[in-house]
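Trainee:
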Amino acid sequence: MTIAIGGYGRYSAIRDWNLGDMDRRDLRPVSPEGLSGIGRWMHETAVRDAEAVLADGITHLFGQAECPRCASVFNVADEYSASNRPLV
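In terms of this note's numbering, the sequence shown has 42 at position 42, counting the first letter as 1, and numbering is strictly consecutive.
#1: Measuring CA to CA, which of Y8, G7, L27, A46 is closest to A71?
#2: Give me whichever residues DSSP pairs with E66 in a beta bridge.
#3: Just how far apart, CA to CA, sit D49 and G63?
#4: Take E66 as the anchor and find which of I38, A55, D23, G39 has the nearest alpha-carbon.
#5: Suppose contacts are defined by Cβ-Cβ distances below 9 Å. Is G76 in contact with L54 by that definition?
#6: Does DSSP put R25 in a helix, a strand or coil?
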């Protein structure tokens, strides 16, 4: 599964080598008011610096995604953090 946040869209999908992204599911952004901690700081900084596209992307990064295979819903940033923690 892949998560895309950028010029090609904001979605989760199954990525196939030959067919590209299949079974796309739109990401569910969090409202700016629902952001906290680092997400709130990042969003406020992007808004302050007139980076509207970046601010919008941050709401998707800290929002939710749906797995195209099993329909599980998860928080994108939390899942990325958990998957990329250093081994102890």
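We put the CB at the ideal spot given by N, CA and C, even for glycine.
Mentor: Taking the coordinates as given:
#1: Distances from the CA of A71 to each of Y8, G7, L27, A46 were compared; the closest alpha carbon is that of L27.
#2: V73
#3: 22 Å
#4: D23
#5: For the sequence presented, residue 76 should be read as Val rather than Gly. No. Outside cutoff.
#6: strand
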